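Q: So for the sequence shown, the working numbering puts the first residue at 2; every next one is plus one.
Here a beta-carbon is modelled for each residue, glycine too, at the ideal position from N, C-alpha and C.
Since we're looking at a predicted model, the values are computed, not measured.
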Amino acid sequence: MTGYGAATKGSANYQVTVELKSLNSKFLELSLKLPRVYMKYEQRLRNILSQQLVRGKIAVLINVEVLNSEKRTLQINKALAKKYLTEIRNLGKYLEMESEVDLKFILELPDVIPTEIEKEDSEEWDLIQRAMDDACAQMILSRNEEGHALDKDLRDCCDAIDVALQDIKILAPKRMETIRSRIDQSLEDIRHKVETDQNRFEQELIFYLEKLDINEEIVRLGQHIKFFRELQMENKSNGKQLQFLSQEMGREINTIGSKANDAEIQRLVVGMKNDLEKIKEQVLNIV
Numbered sequence: 002m003t004g005y006g007a008a009t010k011g012s013a014n015y016q017v018t019v020e021l022k023s024l025n026s027k028f029l030e031l032s033l034k035l036p037r038v039y040m041k042y043e044q045r046l047r048n049i050l051s052q053q054l055v056r057g058k059i060a061v062l063i064n065v066e067v068l069n070s071e072k073r074t075l076q077i078n079k080a081l082a083k084k085y086l087t088e089i090r091n092l093g094k095y096l097e098m099e100s101e102v103d104l105k106f107i108l109e110l111p112d113v114i115p116t117e118i119e120k121e122d123s124e125e126w127d128l129i130q131r132a133m134d135d136a137c138a139q140m141i142l143s144r145n146e147e148g149h150a151l152d153k154d155l156r157d158c159c160d161a162i163d164v165a166l167q168d169i170k171i172l173a174p175k176r177m178e179t180i181r182s183r184i185d186q187s188l189e190d191i192r193h194k195v196e197t198d199q200n201r202f203e204q205e206l207i208f209y210l211e212k213l214d215i216n217e218e219i220v221r222l223g224q225h226i227k228f229f230r231e232l233q234m235e236n237k238s239n240g241k242q243l244q245f246l247s248q249e250m251g252r253e254i255n256t257i258g259s260k261a262n263d264a265e266i267q268r269l270v271v272g273m274k275n276d277l278e279k280i281k282e283q284v285l286n287i288v
């Protein structure tokens, strides 16, 4: 979901520039940098962004240049400025300090020059809205271009996991035969030393082998891979589904690894985990 979009709209009275920068995020996180005078538009801008961008950590910068001075009226709160000056001078006397009070300093004090505009200008909002829409459209285009490369990366990683899974399918039956043979050999070595119940032994062996069986995990992982590929082909927003599915794939891979008890399968599981981590990182880019 990384991307960038910018747009400028102008009229005889205003020139509006909107810039959007997006980073990866599981949710929609909006950071709007607005001059105080435009805070009145914040909620409406958030609504526009949430409807169009869905996910991502979005930084929003809006700059409005007033070309017609009549569109902004400067009102200095003279009474408040005089009150500030009186209090500063009284403080100087109290502290026995002599200092000149700079006019610029007085003007920068809170509320001496009010920044809020009581009357909203529909022309100004229209330009801001149009610039925001165009910037969103550019960002979506930027995301789509990145998405083509991202789609290939996801397919490659998914294919690599599938190839490893097919190898595990071949190794799994041989592994079970090896485990059973090893247990039989160990029992044979101690058979002359202790008395064993063959029926009980067979029951315990079946129970043990069932605990080590990974066929169910192999089947479920194969189904997850198939569903992941189907979701990739859909032309709709499914980033959260892919993220959830990658977590389910991880559970099956981890279970196969914990039950494997086989060096070759463990090696394949390590490779699958590596490819899955790439998938988990990349699905955060998908809306």
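1) Give the straight-line distance between the Cα atoms of Cys137 and Gln53, rounded to the nearest whole angstrom.
2) Going by DSSP, name the residue or residues bridged to Ile63.
3) Smallest Cα separation from Lys170: which of Gly240, Val220 and Ile49?
4) Spell out the partners DSSP gives Asp9 in its beta bridges.
5) Under 7 angstroms between the Cβ atoms of Glu231 and Thr256?
6) Buried or exposed: which applies to Ile77, given that a residue is buried once 16 or more other Cβ atoms fall within 10 Å of its Cβ?
7) Run through the DSSP bridge pairs and tell me what Ser32 is partnered with.
8) Measuring only the C-alpha atoms, how far is Ala302 from Trp126?
9) Give the secondary structure of Leu24 by DSSP, where H, G and I count as helix, E and B as strand, and everything else as coil.
10) Counting C-beta neighbours from all protein chains within 10 Å, is the total for Lys10 16 or more, i.e. buried, or is it exposed?
11) Using DSSP's beta-bridge definition, name the partner residues of Gly4.
12) If you count every other CB in all the chains shown that lies within 10 Å of the CB of Asp160, and 16 or more means buried, which is it?
A: In this structure, then:
1) If you number the sequence shown from 1, residue 137 lands on position 136. If you number the sequence shown from 1, residue 53 lands on position 52. Looking at the two C-alpha atoms, the distance is approximately 7 angstroms.
2) Position 62 of the sequence shown, counting from 1, holds the residue named residue 63. BP columns for Ile63 point to Val19.
3) Residue mapping note: residue 170 aligns to position 169 of the sequence shown, counting from 1. With distances taken between Cα atoms, Lys170 lies closest to Val220.
4) Here residue 9 is taken as the residue at index 8 of the sequence shown, counted from 1. Residue identity differs from the one stated: residue 9 is Thr in this sequence, not Asp. DSSP lists Thr18 as partners of Thr9.
5) Counting from one through the sequence shown, the residue named residue 231 turns up at place 230. Counting from one through the sequence shown, the residue named residue 256 turns up at place 255. Going by C-beta atoms, Glu231 is not nearer than 7 angstroms to Thr256.
6) Taking the first residue of the sequence shown as position 1, residue 77 is located at position 76. So Ile77 ends up on the exposed side.
7) Against the sequence shown, residue 32 aligns to sequence position 31. Partner(s): Ala60.
8) Residue 302 is absent from the model: the chain starts at 2 and stops at 288.
9) Residue 24 sits at position 23 when you count from the first residue of the sequence shown. Leu24 carries a strand assignment under DSSP once its states are collapsed to helix, strand and coil.
10) Within the sequence shown, the letter at position 9 stands for residue 10. Per the 10 Å Cβ criterion, buried.
11) Along the sequence shown, read from residue 1 onward, the residue named residue 4 stands at position 3. DSSP lists Ser23 as partners of Gly4.
12) To locate residue 160, count along the sequence shown from 1; it is residue 159. With fewer than 16 other Cβ atoms within 10 Å, it is exposed.
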